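Asks:
In the numbering used here, the protein residues as written are 1 to 55.
(1) To the nearest angstrom, report how far apart residue 15 and residue 34 are at their CA atoms.
(2) Compare the C-alpha of residue 52 against each of 7, 5, 13 and 26 and name the closest.
(3) Out of 7, 5 and 38, state which residue places its alpha-carbon closest to the alpha-carbon of residue 24.
(4) Pull up the distance between the alpha-carbon of residue 40 and that of residue 21, whole angstroms please.
(5) From residue 43 to residue 26, what does the alpha carbon distance come to, in whole angstroms?
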């Protein structure tokens with residue numbers, strides 16, 4: 001995720017994902033490792049990523 005979002009070192013690296021527009025069964029609700037999201041032709045997803053506080 002740090003490469004996808006260009007997150008600076010020392011910032012959150014664990015995110016909760018929430019679909020805002022569209023649905024897709026390949027989208028996980030929790031993101032801590034790379035994920036492949038498969039889209040159909042012309043399918044659009046809008047996803048909100050919220051950092052999860054780590055201890």
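Note that beta-carbon positions come from the ideal geometry of N, C-alpha and C, so glycine has one too.
Since we're looking at a predicted model, the values are computed, not measured.
Replies: So, to answer that:
(1) On the chain shown, position 15 is the one that residue 15 refers to. On the chain shown, position 34 is the one that residue 34 refers to. Whole-angstrom Cα-Cα distance: 11 Å.
(2) Counted from its first residue, the chain shown places residue 52 at position 52. Taking only the C-alpha atoms, the option nearest residue 52 is 13.
(3) Within the chain shown, residue 24 is the residue found at index 24, counting from 1. It is 38.
(4) The residue you call residue 40 lines up with position 40 of the chain shown. The residue you call residue 21 lines up with position 21 of the chain shown. When rounded, the distance between both Cα atoms is 15 Å.
(5) Looking up residue 43 in the chain shown gives position 43. Looking up residue 26 in the chain shown gives position 26. Taking the straight line joining both Cα atoms gives about 13 Å.
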